[in-house]
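Note that this note's numbering gives residue 1114 to position 800 of the sequence shown, counting from 1, and the numbers run on in steps of one. Beneath this line is the structure, given in structure tokens, with notes to follow.
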Amino acid sequence: MQRDISLKGYRDHLLGTVGIWSIGVVMALWICYLGVWSADYYGSLPGSRRGVISSLAFKDDYLELASFLIVWGLSFLFLIVLYILKPHLRNFFRVQTLPAKGHYVCVVRPVHEVKLVSEKTNLLQEAINRITEKLSMVMSQDKSYTTCPVERTSEGRIYFTYQCTRYVFDDQIGQYAPFDFDLGSINSGLLSQVNGLSAADALYRSELVGPNFIQVEVPGVFMAFVRELVSFFYIYQFIFLWAFYFYAYYQVGLVDTGVILISATIKVFLRMGSEKRLKRMAEQEEMVNVKRDGQWIETSTKGLVPGDVIEVVTGSHMSCDCILLSGNAIMDESSLTGEPLPIRKFPLRLDDGHYDPEGAGKMSTLYAGTIVSQVQPILHAADQLESDRVLALVNHTGTLSDKGRLIRKILFPNPISFIFNEQMRIVVFILVMYSVFVMAMAAYLYKGNNVAIVFYGVFAIAQLLSPLLPAAMVIGQSIAAARLRKKQIFCVDPQRIMIAGKVQIFCFDKTGTLTKEGLEYYGGQCIDSQSGTFNKFQSDLGYNDMLFQKAVASCHAVTDLNGQLIGNPVDIEQFRASKSTIDPTPKYLDAIIPADSAKHGVLHVVRRFEFVHARASMSVAILDEATGKLHVFVKGSFERIKQISNNASVPADYDSTCAGLAREGCYVLSIAHKELDIPLEDIKDLTQDELEGDCDLLGLLVFKNMLKEDTESAIGELKGGSTRTVMITGDTALTGVYIARQCGMVPPNNRVLLGDCKTTMDDVKWTDVDTMEPVSDIAPYLAELGPDGYPATELALTGTAFDRLNNTGAIDSILFHTRVFARMKPVHKVECIELHMKYGITAMCGDGGNDCGALRAAHVGIALSDAEASIVSPFSSANRSIYSCVELLIQSRAGLATSFANFAALICYGQIMSGM
């Protein structure tokens, strides 16, 4: 059980049930009594009293007004007390007992408010915050109280469901706890579970983890209005507007009521629409083949539990996180991660390697919420499980899956405290003080007339703290949400719209976001094996070395899906450059059929290590059918391949050549090679390091990264709107700087200094990217201003330098001088976003994939995804242009300005009316 959760048990009792219903009846009668006094004031009571004003008060106006005030005041107090006690009220009329013996369990947990921006506060703000915290404790707002009914499984286990997660009573520890099953983290151990579970084991696990189904409750229209109208502000509005109705001010009261109801209706239907979209994403159920007791049976995905082995078929929707045991799969992850292109997944290897779901293991993980585009069984493999079915091991179900955790955060978010909320408390405090002053003035002016003093004070407070204030804040947000939807920008968290209106920093991924999704093959530059120098750059692959041609044709993870190439965009463009085709029925992992113009034979891929960000490389072992030789090709970043290649094979001008290409905006990869002289069957015993070791550098593989047509104008509009733009990319720093200059992120005449270091233990060295001259001290450059009054020097950092500066704390002083963060791993992107979030409202725009963590971490995340609603971030845009970021800021700022203007207008109106 989570440490911050406490549980209390309760049992029903007949007297308690009578008591709670009595409170409801008394409240209804009290409101009716209030209505009777109001009707009597206008002489509208039925029967003999019709037409007689103040008949209940014996036609005494003073007594009528005083009686109404007493009834009205008591009603107000009664409602406020009920609101304060609302979380505890029902359980107060139950008998408290141990959680294990109760019919209900009350889950109590602290409410952790998320403060988006921690600005410096003054003494008044600090004092008001302390008062607010005390009031929250008194009104039970500092903790959440959720009462859950206790249920029993078919085997008699008691449990309750809290936030879509089952908590089962554990006899060993004597308390309720959520259960999960650790299937292990070693490949061989996971593959040993290929025979699945027995029916008894599956039933046992099902009772502990519950059904593999996230049920999202969307209330009907009536209950949705009830849920909306029981908040504090509606109670405040209700009681003050009743005073309007009573004291001949009903015309204004009717108008205000209409506005409040319209506002509430808009909020209700917006919230219901958002919940229905989330329900469609969350609730998935279909039939699946699962292995139980050694036999394949068909069952509902709701019955899956950790440890089940299922058959993955084309077109199915994954309802849980699974580990691919055998076969290849092409997955559409757009609705989960925003990744626009299908992803190829590979099975675990038959070794004792470590399965890391956050690292290289992602390539073997099928995530809940994704769609299977195609599957391919593996019948012959050296180091993988062979089967005529594509098999997957169920790892996490329900809210424990990656998708389930995201949905749970959306359904049950921590309250967000925007800086406006902090400042609004000061405004409310000032208005309350002014209300006290108005009451004092009323007491002075209406000496002796207590009824007049109270009525004047009530009306003054109602004008100063207008019941329309909450409605004023909703209108702008609602209109902004509707306009964004017309622009195909979808939102799963509407309260983020107002936050987006205050975005000060916008961070962008590069590839697929600022630049086009696909790269263009630019050429290759091989190394002469005799002289150890670079040959001439060749834009036509056919003019390159034969080994290089074989590497380009085979060193990738591309597959063919009904005539469409699937894989990493770089791999796809590389494979197209080779003009080869893929054999649909390979003898080994893959078979590459060369183009007619090629001079090599069919290449059989017998071993493959997929690309992982931690290594920045991938490798394949291929069998050349024409020669019978085994070759190893390693492809990766030019820095990484240099590290693992034999020093003698690296040309002296290697770094300068790569830097020159990167400076021209090229995407540069390197390829290394070695020939294996071992039997084919022994290749499965080699580790990745053994396979990739002792290679010779073969050459450079170069692509062009083209800017999207509208990126430059969109960046210009963002900068014109006082928004700082930043690039966070996994590409090289020089390519990032080139693109930043092209799109206007870096002004054309500004100097750019690049910070880099070999390891995180070394000092950061600075270099001018244009002259490649070292810079010993960057302070004078940063102090230099250009003609426009802004710094004339921008900084760029590599991932290693970023790590070093972040670890030493030196990053803060140069953060807002740094425009390009390059060679950033996914974890670096999250850290970079969090650093910017300390200083301002920060947005992140990416196309999914390795941007997911940063999109979730940012105050405002927008995924450029074809899916209508991507749960990877609060916003998603079907229009894959960064103009979506401009539209988001325009509409959010307009909504925020509208809300602020309405708020200010109502306060000014209240001040004028309170003095009349």
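For glycine and all other residues, C-beta sits at the position ideal for the given N, C-alpha and C.
Under the three-state DSSP convention, the category residue i falls into
i       : result
Phe726  : coil
Cys636  : strand
Ala1183 : Reliability fails at Ala1183, whose pLDDT of 46 lies under 50, so the model's placement of it is uncertain and the value that follows must be treated cautiously. DSSP places Ala1183 in coil when its eight states are reduced to three.
Gly974  : helix
Tyr561  : coil
Ser1191 : strand
Asp1082 : strand
Thr825  : helix
Ala371  : coil
Phe1284 : The question about residue 1284 has no answer, for the chain in this structure spans 315 to 1230.
Asn405  : helix
Thr1156 : strand
Phe732  : coil
Ile319  : coil
Asn849  : coil
His914  : coil
Val1250 : The chain is shown only over 315 to 1230; residue 1250 falls outside these bounds and no answer can be derived.
Lys816  : coil
Minimum C-alpha distance to residue i - residue among the options
i       : options                             : result
Phe947  : Glu989, Ala1097 and Ile1204         : Glu989
Leu328  : Lys322, Gly881 and Ser336           : Ser336
Arg591  : Val1060, Gly524 and Val530          : Val530
Val765  : Leu618, Asp854, Leu937 and Leu379   : Leu379
Cys821  : Ala1215, Met1151, Pro401 and Gln477 : Met1151
Glu599  : Thr684, Arg929 and Asp1102          : Thr684
Ala562  : Tyr355, Val569, Gln439 and Phe390   : Tyr355
Leu1067 : Leu383, Thr1085 and Ile767          : Thr1085
Val686  : Thr713, Val708, Ala695 and Asn642   : Asn642
Val535  : Phe583, Ile500, Tyr857 and Ala557   : Phe583
Ile721  : His668, Leu833, Ser588 and Asp702   : Ser588
Rounded C-alpha distance that separates residue i from residue j
i       : j       : result
Ser502  : Ser678  : 14 Å
Ile1263 : Gln688  : As displayed, the chain neither begins before 315 nor continues past 1230, which places residue 1263 out of reach and without an answer.
Glu1182 : Tyr1052 : Confidence at Glu1182 is low in this model, with a pLDDT of 47, below 50, so its placement is unreliable and the value that follows should be read with caution. Each residue's alpha carbon lies about 33 Å from the other.
Val626  : Asp904  : 20 Å
Ile262  : Glu1148 : Any answer about residue 262 is impossible in this case: the structure gives the chain only from 315 up to 1230.
Phe560  : Ser352  : 5 Å
Ile334  : Arg408  : 10 Å
Tyr1197 : Met1158 : 14 Å
Ile580  : Leu1032 : 30 Å
Arg404  : Arg594  : 32 Å
His1142 : Arg1170 : 14 Å
Ala674  : His870  : 16 Å
Ser381  : Gln455  : 33 Å
Val884  : Thr1112 : 21 Å
Val1016 : Val1083 : 20 Å
Cys1297 : Gly718  : As displayed, the chain neither begins before 315 nor continues past 1230, which places residue 1297 out of reach and without an answer.
Thr895  : Ala909  : 7 Å
Arg444  : Val742  : 15 Å
Ala1211 : Ala796  : 16 Å
Pro463  : Gln878  : 52 Å
Pro1105 : Leu1096 : 6 Å
Asp666  : Leu798  : 50 Å
Residue range of the beta strand (DSSP E) that includes residue i
i       : result
Asp1165 : Looking at the DSSP string, Asp1165 is not in any beta strand (DSSP E), and its letter there is neither H nor E.
Pro1061 : Per DSSP, Pro1061 belongs to no beta strand (DSSP E) and is neither H nor E.
Ala1110 : Thr1107 to Leu1111
His918  : Leu917 to Val926
His987  : Cys980 to Leu990
Ile997  : Element bounds for Ile997: n/a, residue is neither H nor E.
Gln609  : Gln609 to Ser614
Any chain C beta carbon closer than 7 Å to residue i
i      : result
Gly712 : Here there is only one protein chain, and chain C is not present.
Quick test of the definition: if touching needs 3 or more C-beta pairs under 8 Å, does the region 774-794 touch the region 1153-1170? no
Does the region 1216-1226 come within contact of the region 829-841, defined as at least 3 CB pairs closer than 8 Å? no
Between the region 437-454 and the region 513-533, do at least 3 Cβ pairs fall closer than 8 Å? no
When you compare the region 960-976 with the region 834-852, are there three or more beta-carbon pairs, one atom per stretch, that lie closer than 8 Å? yes
Contact between the region 1121-1138 and the region 1039-1047: three or more CB pairs below 8 Å? yes
So does the region 863-877 actually touch the region 936-955, counting three or more Cβ pairs closer than 8 Å? The region 863-877 is in contact with the region 936-955.
Does the region 504-521 touch the region 569-583, meaning 3 or more C-beta pairs lie closer than 8 Å? no
Please determine if the region 502-514 and the region 622-640 are in contact, where contact requires at least 3 C-beta pairs separated by less than 8 Å. Between the region 502-514 and the region 622-640, the count of Cβ pairs shorter than 8 Å is three or higher; the stretches touch.
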